[in-house]
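Just below is one structure, and these are the notes that go with it.
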Amino acid sequence: MITFKTKDDTAVLVRSTDDIDAREFCARLGISKSARKDLQLPERLKKNQWNTIGIQNAEQPGYCAEPAEIVYEDETCLVAYKPPGILVHGDGSGAPTLEERVNAHLCTSGFPFRARACHRLDVETCGLVLFCKIPFLQNFYDEQFRSQSVFKEYYLLVDGTAGWKTKTVDAPIGRDRHNAKKMIVFPRGKEARTIFTNLSCKSGRTLLKARLIHGRRHQIRVHSAWSGFPIVNDPLYSEAEKTGPLALECFHLGFVSAQEQKKTDVQIGLTL
0 MITFKTKDDT
10 AVLVRSTDDI
20 DAREFCARLG
30 ISKSARKDLQ
40 LPERLKKNQW
50 NTIGIQNAEQ
60 PGYCAEPAEI
70 VYEDETCLVA
80 YKPPGILVHG
90 DGSGAPTLEE
100 RVNAHLCTSG
110 FPFRARACHR
120 LDVETCGLVL
130 FCKIPFLQNF
140 YDEQFRSQSV
150 FKEYYLLVDG
160 TAGWKTKTVD
170 APIGRDRHNA
180 KKMIVFPRGK
190 EARTIFTNLS
200 CKSGRTLLKA
210 RLIHGRRHQI
220 RVHSAWSGFP
230 IVNDPLYSEA
240 EKTGPLALEC
250 FHLGFVSAQE
260 QKKTDVQIGL
270 TL
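Going by numbering that gives the first Met the number 0, the residue at position 194 of the sequence shown is 193; the numbering climbs one at a time, nothing skipped.
Below is the structure:
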């Protein structure tokens, strides 16, 4: 087990429950070759002692007027709540981003490194987003998303009354060549599977829970609409009148934290 503690903007303290060399340390945490170039590693990490790892060229968090809402945080990562209508990170337009707000929180708390998002949510979607706080651990978290080992669940409110308790949609997704902003179910698209659970029905609408097996762009929105249940207030996949923000929220993330390499489960209650 490996534990981290931030020292300052040039170093991190690391403690291991067994004696390991630098190569084994990097292998266990999936530290990329490019990230190693900015590290000053001891030849060996001494068992049950705090060892210093030097860090070069690390970006510092910047100030933002509106800090993020933090749902979970440890020394290596945090989970923030993204409200609808803002980007996770910048697209060059200068629009406000969740990443700016997260780093405002870190700046205010005195944390020395700039955090970066490990995944994205659509700008219209609200909910939980995971950020890596220590630069050389970015690949540790990114790899969990690449390997699809992160557990992700969403709440969604849809138009229509679903007559089933559970439904698995296994339909590949590709770009709509007639509309660059949209995705469609497409035979030669990328593999995509979503598991829907019916939670309740009322007034011609159904509250669903969706579990993502894959994480394609707009996957839940496309699969839900394709199944005949467009999400309420979806500007792309619903023809109904829009009366508010998109009724889609990521409420559950399950992942392994680099801090002690422990399974971490973060959930919030329904806010739709």
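Note that the Cβ used here is the ideal one computed from N, Cα and C, for glycine as well.
All of these numbers come straight from a predicted model, not from anything done at the bench.
With which residues is residue i paired in a DSSP beta bridge?
i	result
Asp20	Arg43
Tyr154	Lys208 and Glu248
Cys76	Cys131
Val168	Thr193
Leu86	Thr96
Lys81	Gly126
Met0	The partner list for Met0 (beta bridge, DSSP) is empty, contrary to what the question assumes.
Thr51	Leu12
Ser199	Leu206
Asp7	Ala10
Leu38	Ile54
Ile183	Gly173
Classify residue i: buried if its beta carbon has 16 or more other beta carbons within 10 angstroms, exposed otherwise.
i	result
Pro134	buried
Pro186	exposed
Met182	buried
Ala179	exposed
Thr75	buried
Gln143	buried
Ala94	exposed
Leu161	This sequence places Ala at residue 161; Leu is not what is there. Ala161 is buried by the Cβ-count criterion.
Gln48	exposed
His177	exposed
Arg35	exposed
Lys164	exposed
Ser256	buried
Ser237	buried
So, for residue i: in the same chain, excluding its five sequence neighbours on each side, which residues have a beta-carbon less than 6 Å away from its beta-carbon?
i	result
Ile194	Thr167 and Arg210
Glu251	The sequence given here has His at residue 251, not Glu. These residues qualify, in order along the chain: Glu152 and Gln266.
Ser148	none
Leu235	Lys181
Val101	Ala67, Ala79, Ala114 and Phe130
Note down, in chain order, each residue of its chain lying with its Cβ closer than 7 Å to the Cβ of residue i, except the 5 sequence neighbours on either side.
i	result
Ser223	Leu155, Val157, Pro229 and Ile230
His88	Thr96, Glu98 and Ala116
Gly243	Asn232
His217	Asp121 and Met182
Gly53	Thr9, Ala10, Leu38 and Gln39
Would you mind giving the Cβ-Cβ distance between residue i and residue j, rounded to the nearest angstrom? I have them listed as a contact below 8 Å.
i	j	result
Leu127	Val265	6 Å
Phe110	Thr5	7 Å
Val122	Ile85	7 Å
Ile1	Val13	6 Å
Asp245	Pro83	Note that residue 245 is Leu in the sequence shown, not Asp. Indeed they touch by this definition, with Cβ atoms about 6 Å apart.
Gln55	Asp37	5 Å
Cys106	Glu248	Between Glu248 and Cys106 the Cβ distance is about 27 Å, and since that is not below 8 Å, they are no contact.
Which same chain residues, not among the five before or five after residue i, have their C-beta less than 8 Å away from its C-beta?
i	result
Glu58	Phe112, Arg113 and Pro134
Lys46	Ser15, Thr16, Asp17 and Asp18
Phe24	Ile1, Val13, Ser15, Ile30, Leu40 and Leu44
Ser226	Lys166, Val168 and Phe195
Next item on the list: Just list the alpha helix (DSSP H) runs in the region 95 to 163, keeping only unbroken ones of 4 residues or longer that don't cross its boundaries, in chain order.
Entry: Annotation note: the region 95 to 163 contains the following uninterrupted alpha helix (DSSP H) runs of length 4 or greater, listed N- to C-terminal: 97 to 108 and 137 to 145.
Next item on the list: Please go through the region 213 to 269 and give each complete beta strand (DSSP E) segment of 3 or more residues, from N-terminal end onward.
Entry: Given a length threshold of 3 residues, each whole run of the beta strand (DSSP E) inside the region 213 to 269 is given here in chain order: 247 to 255 and 262 to 266.
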